[in-house]
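Contents: one structure, followed by commentary.
Protein chains: 2
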Amino acid sequence: MEKAASPRASDIAYDKIRQFVLSGRAEPGQQLTEEQLARISGVSRTPVREAVRRLENELLIVRSDSKRLFVADWSADDIDEMFVLRGMLEGHAASRAARNISNRQIEELGRISDLLDAAVRSTPPDVTAFLAQNRRFHEVILEAARSPRLSAMLPMLVEQPVVRRTAAQYKTDELLQSAREHRELIAAFTARDSLWARAVMTSHIRRAFHVFSSTAKRHKEQRQAND
Amino acid sequence: MEKAASPRASDIAYDKIRQFVLSGRAEPGQQLTEEQLARISGVSRTPVREAVRRLENELLIVRSDSKRLFVADWSADDIDEMFVLRGMLEGHAASRAARNISNRQIEELGRISDLLDAAVRSTPPDVTAFLAQNRRFHEVILEAARSPRLSAMLPMLVEQPVVRRTAAQYKTDELLQSAREHRELIAAFTARDSLWARAVMTSHIRRAFHVFSSTAKRHKEQRQAND
DNA sequence: CGATAGACATTTGTATACAATACCGTCAAG
DNA sequence: CTTGACGGTATTGTATACAAATGTCTATCG
Numbered sequence: 001m002e003k004a005a006s007p008r009a010s011d012i013a014y015d016k017i018r019q020f021v022l023s024g025r026a027e028p029g030q031q032l033t034e035e036q037l038a039r040i041s042g043v044s045r046t047p048v049r050e051a052v053r054r055l056e057n058e059l060l061i062v063r064s065d066s067k068r069l070f071v072a073d074w075s076a077d078d079i080d081e082m083f084v085l086r087g088m089l090e091g092h093a094a095s096r097a098a099r100n101i102s103n104r105q106i107e108e109l110g111r112i113s114d115l116l117d118a119a120v121r122s123t124p125p126d127v128t129a130f131l132a133q134n135r136r137f138h139e140v141i142l143e144a145a146r147s148p149r150l151s152a153m154l155p156m157l158v159e160q161p162v163v164r165r166t167a168a169q170y171k172t173d174e175l176l177q178s179a180r181e182h183r184e185l186i187a188a189f190t191a192r193d194s195l196w197a198r199a200v201m202t203s204h205i206r207r208a209f210h211v212f213s214s215t216a217k218r219h220k221e222q223r224q225a226n227d
Numbered sequence: 228m229e230k231a232a233s234p235r236a237s238d239i240a241y242d243k244i245r246q247f248v249l250s251g252r253a254e255p256g257q258q259l260t261e262e263q264l265a266r267i268s269g270v271s272r273t274p275v276r277e278a279v280r281r282l283e284n285e286l287l288i289v290r291s292d293s294k295r296l297f298v299a300d301w302s303a304d305d306i307d308e309m310f311v312l313r314g315m316l317e318g319h320a321a322s323r324a325a326r327n328i329s330n331r332q333i334e335e336l337g338r339i340s341d342l343l344d345a346a347v348r349s350t351p352p353d354v355t356a357f358l359a360q361n362r363r364f365h366e367v368i369l370e371a372a373r374s375p376r377l378s379a380m381l382p383m384l385v386e387q388p389v390v391r392r393t394a395a396q397y398k399t400d401e402l403l404q405s406a407r408e409h410r411e412l413i414a415a416f417t418a419r420d421s422l423w424a425r426a427v428m429t430s431h432i433r434r435a436f437h438v439f440s441s442t443a444k445r446h447k448e449q450r451q452a453n454d
């Protein structure tokens with residue numbers, strides 16, 4: 001339903017392995033062998049190697065001193081850093097988008113925003129739908145920014161695992177606030193105000209960071225209580 | 228003499244192809260076939276493909292609608308964007324470095340800075356040596372920043388071609404100014420002042436951008452005059 | 001004359017076989 | 001008991017052969 005265009009085996013491998021790593025079926029730090037990945041994705045080792053190169057570049061997979069593959073494991077500092085970088089780059093993307101976005105794209109953001117609202121308002125809130133639309137929203141902005149480099153770099157900040165962990169903990173009013181920020185971004189784009197857009201986006205990411213931090217802390221305390 | 232450690236064919240291919248593309252022996256927009264690249268780098272197509280994946284990720288090589296390879300060609304807007312992103316990321320790196328840098332690394336920056344001065348002061352200025360030491364200087368800072376993500380992302384902003392084009396046009400006093408800025412960075416690091424370090428670095432990159440712009444404009448006018 | 005279908009050539013994609021290397025347990029010597 | 005060397009095993013690296021696809025040229029038909 002997504003992109004039946006290219007049944008390229010190396011793309012299949014990329015998707016499958018990525019999914020495998022991100023869905024938590026793989027332990028951080030766990031070793032991965034090319035053959036195992038080949039079995040998982042149902043292709044031979046050659047396309048797996050290409051897929052691994054890409055995932056390695058996104059730091060989802062790391063190579064040991066020599067050449068063995070492991071599922072990436074992030075330190076707290078790494079995650080802080082990820083949010084800081086995301087804030088800078090997405091803020092910049094929003095700024096550029098405000099200058100370059102088409103009316104057509106603004107309308108699309110509006111439609112996505114409607115779906116976001118719907119996801120939040122359903123009881124219980126449909127977090128999965130929320131995440132999917134949230135991703136689309138940011139993708140449209142990235143596209144509107146018209147910067148191949150940003151498009152190449154932002155995916156490296158692999159939001160997925162963190163985003164998932166974050167949003168799973170969102171309370172309804174936090175989701176509502178997030179939806180409001182999306183609306184405000186649209187307003188900034190409509191006004192073609194790049195400063196406004198950057199500020200809202202920076203705040204948006206920053207808020208997500210703090211929600212994440214507090215839930216991470218809560219988790220940690222729970223873990224310690226269980227010991 | 229460089230790194231005899233890993234005679235990995237795919238690394239050889241990466242270096243050779245990168246060099247081929249950056250040294251201007253390859254025309255922007257020119258098609259590259261895997262076999263041709265294999266011949267150039269003296270290995271088979273398999274490692275070439277891995278090297279190409281990496282170069283593709285750095286946007287030094289691009290893939291056409293379907294899968295043919297071409298030497299990247301940057302628009303003026305792309306280059307502006309590159310400098311903006313470099314400014315943000317290197318500024319951030321400097322900020323982090325100011326917090327994390329070791330005395331040992333500060334001393335190394337001092338030594339590199341001495342070599343920079345020497346390169347500038349020789350008559351005529353040794354631009355090649357200047358560029359090499361400049362690169363080392365920024366590498367040490369990146370290392371001191373202790374952010375795997377930054378280390379993965381900054382190389383994507385492939386300074387080389389632009390840096391070369393820029394520095395080739397540097398006048399001696401511009402090189403001197405650049406060397407002064409390096410000294411000021413060291414001062415900021417010594418003071419562990421992250422705000423200072425960020426500001427100096429941002430200015431440093433920004434100045435390079437303007438030198439680049441003016442020389443690019445000069446070139447353009449020359450070309451037009453020759454028509 | 002222009003368009004289009006089809007054959008041919010070129011290029012990329014995948015699988016497999018084999019070579020090189022790294023890891024790990026075992027055993028012997030200090 | 002520790003240390004270090006050895007050898008077997010697991011894993012990655014490379015080359016080659018072949019399959020799939022894309023592009024190109026030509027000849028034929030409208």
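Residue numbers (my numbering), protein chains in the order written: chain U, 1 to 227; chain G, 228 to 454.
C-beta atoms are modelled at their ideal positions from N, C-alpha and C, and glycine is treated no differently.
Computed from a predicted structure; not experimentally measured.
Looking at the C-beta of ARG375(G), does it have a partner C-beta in chain U at a distance below 9 Å? Before going further, note that residue 375(G) is Pro rather than Arg in the sequence given. It does: the Cβ of PRO375(G) has a partner Cβ on chain U nearer than 9 Å.
Interface partners of ALA152(U) on chain G, CB under 8 Å: ASN284, LEU286 and MET383
What residues of chain U sit near LEU312(G), judged by a beta carbon separation below 7 Å? ARG149
Per DSSP, PHE70(U) is paired with what? GLN31(U) and VAL62(U)
If you reduce the DSSP assignment to three classes, tell me which class ARG99(U) lands in. helix
Other residues of its chain near LEU154(U): CB distance less than 8 Å, five sequence neighbours each side excluded: ARG86, LEU89, GLU90, ALA93 and LEU142
Give the secondary structure of ARG348(G) by DSSP, where H, G and I count as helix, E and B as strand, and everything else as coil. helix
For ALA53(U), decide whether its Cβ has a neighbour in chain G, counting only Cβ atoms nearer than 9 Å. The sequence shown places Arg at residue 53(U), not Ala. Yes - at least one Cβ of chain G is within 9 Å of the one on ARG53(U).
Beta carbon of HIS409(G) nearer than 9 Å to that of ASN361(G): yes
Please compile the residues from chain U whose C-beta is within a distance smaller than 8 Å of the C-beta of HIS319(G). VAL84, LEU85 and MET88
Any beta-carbon of chain G closer than 9 Å to the one on THR202(U)? no
9 Å is my cut-off, CB to CB: does ASP78(U) come that close to chain G? yes
Counted within 10 angstroms of its Cβ, other Cβ atoms place SER122(U) as buried (16 or more) or exposed: exposed
Roughly how many whole angstroms lie between the Cα atoms of GLN30(U) and THR46(U)? 22 Å
Which chain G residues are close to GLU184(U), counting only those with a beta carbon under 9 Å from its beta carbon? Going along chain G, no residue has its Cβ under 9 Å from GLU184(U), so there is no contact; the nearest lies around 23 Å.
Please name the residue, chosen from SER75(U), ASP80(U) and ARG96(U), that lies closest to VAL311(G) on a Cα-to-Cα basis. ARG96(U)
Which of helix, strand or coil does DSSP assign to VAL311(G)? helix
Between the region 32 to 52 of chain U and chain G, which residues of the former have a C-beta closer than 8 Å to a C-beta of the latter? THR46, ARG49 and GLU50
Rounded straight-line distance, which links the Cα of VAL270(G) to that of VAL438(G): 40 Å
Which one of PHE364(G), TYR241(G), SER374(G) and LEU402(G) has the shortest CA to CA distance from ARG280(G)? TYR241(G)
Looking only at its chain, what residues have a beta carbon closer than 6 Å to the beta carbon of ARG198(U), apart from the 5 residues adjacent to it on each side? GLY91, ALA94 and SER95
At a cut-off of 8 Å, would you count LEU89(U) as near the ligand SAH, judging by its Cβ distance to the nearest heavy atom? Of the ligands one can find in the structure shown there are none, so the ligand SAH has no counterpart to examine.
So what's ARG8(U) in DSSP terms, helix, strand or just coil? coil
Could you tell me which of ARG326(G), ALA345(G), THR260(G) and TRP301(G) sits nearest to ARG407(G), measuring between CA atoms? ALA345(G)
DSSP state of ALA418(G) mapped onto helix, strand, coil: coil
Is it true that the region 287 to 296 of chain G meets the region 332 to 346 of chain G, where meeting means three or more beta-carbon pairs spaced less than 8 Å apart? no
When we look at the beta-carbon of LEU422(G) and count the other beta-carbons within 10 Å, is it buried (16 or more) or exposed? exposed
Contact belief for GLU190(G) with SER147(U) at Cβ below 8 Å, rounded distance in angstroms: Residue 190(G) falls outside the range modelled here, since chain G spans only 228 to 454, and no answer is possible.
Within 9 Å of any Cβ in chain U, is that where the Cβ of GLU370(G) sits? no
Give the range of the alpha helix (DSSP H) segment to which PRO274(G) is assigned. 272 to 284
Does chain U have any CB closer than 9 Å to the CB of GLU335(G)? no
Against GLU254(G), what residues of chain U qualify as contacts under a CB-to-CB distance less than 9 Å, listed in chain order? Neighbours of GLU254(G) on chain U: none; closest Cβ ~19 Å, over 9 Å.
As assigned by DSSP and simplified to three states, the class of SER147(U): coil
How many Å lie between VAL180(G) and GLN177(U) at the Cα? Because chain G here runs from 228 to 454, residue 180(G) falls outside it and cannot be looked at.
Beta-carbon separation of LEU55(U) and THR33(U) under 9 Å? no
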